[in-house]
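Read the structure below first, then the notes.
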Amino acid sequence: MKTRAKSETGGSVSGHEFKRALYEVLEDTGKRRIGARVLRNFLIVLILINIALAVLETVPEIRDILSTHLRLIQLGSGLVFLAEYVMRLYVADLHPPLRRYGPVFSRLRYAMQPDAIIDLIGALPLLCVVFLPNQAVTMVVILRLLRFLKLARYSPALRSLISAVGNERRALLGSSMIICGVILMAATLMYLIEHDDQPEKFRSILHGIYWAITTVTTVGYGDVVPVTNLGKTVGGIVMLMGYGLIALPVGIIASAFAREIHSRDFVVTWSMVARVPLFEDLKATEIAEVAKLLQSLRVRKGGTIAEQGDVADKMYFIADGEVEIRLQHDTVYLGEGSFFGELALINQTPRTAKVVAYKDCQLLVLEAEALKHLMDRDEGLAKKIMDEARDRVAAGKRVLGELAEEELQQSGVFASSENTDQEPELFQGDDSKDEADSEDDMMEEVAGTQKDPAK
């Protein structure tokens, strides 16, 4: 039914298959979804346990009672994180963006990526305990707490927040400079005003900075307060300014985070549409017009997305989750960022496969009727889409049921010729006619239908 691409670097087939399976489990791609989900949940729980134990271990009573158990857990966790880091390096040359660099340089490039550095930090406590058992207690505690950063790999929201802070670093730096300037000015004024009346509390500007920080941040411990009328007036002004100053970076981060989420959703949607072969020759504005036709659909795990035998008149994009397509000869799994049902836009035939939600899914749906109306309004767009369909027929693109060749390849499946049609049925000719003439006649009929909806 299907074959996998062979390794270009040589080696045994079994070794390559093991490496490929390990890559799919670690990176949550391919068909080994259950193993990937189990590993992901196990690592998340292990990270949270390590963070909790790193905090509890600082309590002397707990450390004295459970010292042996804590040390065993720490060593075991370190071995797991070290093994994870080594395995991710081992399969690094299978990442699509890194394949062209070869087995050595692809791993070096991967090791320099932020996710890989965080994985290395997660493994370092074990090395510190083994090689520096007495001198690295503080370092071990810090590194164990930094394992919290590994959760960013499994949390898109956390990654978006980090990206938002990075994008607004200049604005945050500017607001921080403003806050520091106000603190320094307030501390200087309070030192000049209160030094004679409170020489112990305002001995220098540095002591005034402590008061200014607690006042600007609206904490106000009350251990250092002005006693003169002028000092109280300055203190009141600084308190009022504190509300606006603290709200400044908070507002920057909040707006940047919302913009990052919106931008990510737009880019993901636009890029998913642009990847569809039927739309790959469209301009950016035309792709945006097609993206506007998408409708949101949420399906719970186990829910039916499309039933076998129904008319295939919708194309689906997977914004989140995973779907299971039950074909006659095999089952195909498609995850986040994939699409299926492209042929439904040009060939409304009964579906030959049942599609269900393997996990909770957020789908974007493109209806054939909506695309037809858009093509009716834009003849140039209609011509590009029909030209692409004609080119794919000429190239001998194979289909399996209503799945096109490119859709099968998203899950690493390559259909064999005995189980596929060589071209979409819409473009197949009549056996009683010459193949070339029948194709031209069919294309003219389709083009006429696009221009005249009454047909």
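So for the sequence shown, UniProt numbering puts the first residue at 1; every next one is plus one.
Cβ coordinates follow ideal geometry from the N, Cα and C atoms, glycine included.
Nearest residue (CA-CA) to R33, options G321, Q74 and A344: G321
Helix, strand or coil at Y154 according to DSSP, with G and I counted as helix: helix
Using beta carbons (cut-off 8 angstroms, strictly below), is P103 in contact with chain D? In the displayed structure, chain D is absent; only one protein chain is listed.
Excluding five sequence neighbours on each side, which residues of the same chain lie with their C-beta closer than 7 angstroms to the C-beta of M272? F317, G337 and F339
For the beta strand (DSSP E) that Y316 lies in, which residues bound it at each end? K314 to D320
Here's the rule: buried if 16 or more other CB atoms are within 10 angstroms of the residue's CB, otherwise exposed. What is L173? exposed
Output the distance between the C-alpha atoms of T58 and Q74, rounded to the nearest integer angstrom. 14 angstroms
Please work out which residues of its chain come closer than 7 angstroms, Cβ to Cβ, to M87, disregarding the five sequence neighbours upstream and downstream, and give them in chain order. L22 and L26
With DSSP run on the structure shown, which of helix, strand or coil describes F202? coil
Could you please give me the residues that DSSP links to T304 through a beta bridge? V356
Taking the alpha-carbon of L48 as reference, which of L149, A164, D313 and V91 has the nearest alpha-carbon? L149
Under 8 angstroms, do L282 and A319 count as touching if we go by C-beta distance? no
L371 versus E342, A54 and D360, residue with shortest Cα-Cα distance: E342
Could you work out which residue in I44, I162, A212 and R170 is closest to M185 when comparing CA atoms only? A212
Measure the C-alpha to C-alpha separation of R20 and V323 and round it to an integer number of angstroms. 21 angstroms
Which residues DSSP lists as bridging T188, in chain order: T188 is not bridged to any residue.
Whose C-beta lies closer than 6 angstroms to the C-beta of S432 among residues of the same chain, with five residues either side of it excluded? Annotation note: pLDDT 35 at S432 (below 50); position unreliable, no value reported.
Return the chain-ordered ranges of every beta strand (DSSP E) run that is complete within the region 234 to 303 and spans a minimum of 3 residues. 295 to 299
On the CB-based measure, 16 or more other CB atoms within 10 Å of its CB, does S175 come out buried or exposed? buried
Of the listed residues D93, V365, L39 and I62, nearest to R298 (C-alpha basis): V365
What is the rounded straight-line gap between the Cα of T269 and the Cα of V355? 21 angstroms
Where do the N-terminal and C-terminal ends of the beta strand (DSSP E) with Y85 fall, by residue? Unbroken run through Y85 is the alpha helix (DSSP H), S67 to Y90; no beta strand (DSSP E).
Using the DSSP secondary-structure output, state which residues sit across from T331 in a beta bridge. R326
For H69, is the classification buried or exposed, using 16 other Cβ atoms within 10 angstroms of its Cβ as the cut-off for buried? exposed
Spatial neighbours of T304 in its chain, beta-carbon cut-off 6 angstroms, leaving aside the 5 residues before and after: V356
For S14, I'd like the list of residues in its chain whose CB is within less than 7 angstroms of its CB, leaving aside the five on either flank, ordered along the chain. none
Check this for me: beta carbons of F257 and A164, under 8 angstroms apart or not? yes
Can you tell me whether DSSP reads V365 as helix, strand or coil? strand
Per DSSP, which one or two residues make a beta bridge with F339? F317
Name the DSSP bridge partner or partners of P350? V311
What would DSSP say about D93, mapped onto helix, strand or coil? helix
Just to confirm my understanding: we take N50, look at its own chain, exclude 5 residues before and 5 after, and list those with CB closer than 7 angstroms. What are they? S77, R144 and R147
What first and last residue would you give for the alpha helix (DSSP H) that runs through A111? G102 to A111
For Y243, is the classification buried or exposed, using 16 other Cβ atoms within 10 angstroms of its Cβ as the cut-off for buried? exposed
When the Cα atoms are used, what is the spatial distance from Y85 to L294? 40 angstroms
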